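Notes follow the structure.
Numbering (the working numbering), first residue to last: 13 to 404.
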């Protein structure tokens, strides 16, 4: 009896429900109703892939689910978010030493017929911060819809558990200081993206990330866009650190503060230009204008909420005839311009982008954790609004 008690004491840590695909993943995307010889079946994608070719021919399952999955923008968003979640769980599997049948991460990509092409390992602490996934074919002559990705490079955000936390926190600070591009983790990330593009071409290559990982994907996407490579990007809760103006309830006060900020920013930018200290932002914005990453923002998340006001204010300034002021202001951060004014070189603000598809979650979040979480983005009942902003 004593030995049995000892076994219980050394049992594994309890598994979080959110790590289990069957309990919290978008299982509604992995099943389809089929009819075989008059009988109705509901098949799950990863299980159906192992069925005989004769059954595939009879139900046409592969083509049905592939078309349904990749031609629907909401489904594409959900899959991208799921593969980012898979990176979180890859790291948790590593921390908890879950291997083989005990590992929880594989189902998050296998459910959508992906395979793990490569893990991305941080050289500072050996944690898993990203992954490259390859979309598999169910048969040699299988043809996925044109909207389907061939490869997805995904990056997770900060993990508050285990030995990865301190390194993640260090990188969060680098984001605030506009120094993420100087870190070894980002160097590994951008090299991975370049490898995929150089090896397989840029067509139907996706990049995706959440929070810290979204900042990583955004920076990688900007770097590739400057070289003329426009990748599909899915950026969930990407950080936008600035004064929390979006949280102000009074619209007149909020708009007044944004207008004043635009005038001050544009004035400082002009002053720097007159002193031949014009920064590189003007040319950068022009070169990025054609790139349209997809930003997914929750207004209740103060880490990313300012993207809502950033783009809406720009449209409002154009409508009121002050578009030229905002065109200049939107390319700069006041902090960077102030540093330039005192003769200090400031880095380009990585979160500022000229164009984007912005999807806002319209449902009220119960708390910050829910507003910032990755799980909201694959909910089948998500209430959202999407707007497209372009820079010209």
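Think of the CB as a built atom: it goes at the ideal place given N, C-alpha and C, for glycine as much as any other residue.
Keep in mind it's a predicted model, so treat the numbers as computed, not measured.
- Work out the CA separation of residue 194 and residue 315 for me, nearest whole Å. 21 Å
- Item | Same chain, Cβ closer than 6 Å to residue 218, neighbours up to 5 away in sequence not counted | 161, 164, 244
- Residue ranges of each alpha helix (DSSP H) run of no fewer than 4 residues wholly in the stretch 191-241, ordered along the chain? 196-212, 224-238
- Task: Give the DSSP-derived three-state secondary structure of residue 397 in the structure shown.
- Result: strand
- Message: In whole angstroms, give me the CA-to-CA distance for residue 408 and residue 188.
- Response: As displayed, the chain neither begins before 13 nor continues past 404, which places residue 408 out of reach and without an answer.
- Item | Length of the line joining the Cα atoms of residue 220 and residue 391 | 17 Å
- Task: Locate the alpha helix (DSSP H) running through residue 166, then write down its first and last residues.
- Result: Here residue 166 belongs to no alpha helix (DSSP H); instead the beta strand (DSSP E) covers 163-167.
- Whole-angstrom C-beta distance between residue 130 and residue 140, which should lie under 8 Å: Going by Cβ atoms, the distance from residue 140 to residue 130 rounds to 11 Å, so no, they are not a contact pair.
- Take residue 39 as the anchor and find which of 318, 124, 241 has the nearest alpha-carbon. 124
- Item | Contact set for residue 120: own chain, Cβ-Cβ below 8 Å, skip 5 residues either direction | 33, 37, 94, 95, 97, 98, 101
- Task: Can you tell me which of 261, 375, 361, 110 puts its alpha carbon nearest to the alpha carbon of residue 231?
- Result: 361
- Query: So, are the CB atoms of residue 134 and residue 196 less than 9 Å apart?
  - Reply: yes
- Tell whether a beta-carbon distance below 9 Å holds between residue 174 and residue 110. no
- Item | Extent of the continuous beta strand (DSSP E) run through residue 244 | 244-248
- Query: Start and end of the beta strand (DSSP E) containing residue 144?
  - Reply: 140-147
- Task: Please say whether residue 308 and residue 366 have beta carbons closer to each other than 9 Å?
- Result: no
- Message: Going by DSSP in three states, residue 318 sits in which element: helix, strand or coil?
- Response: helix
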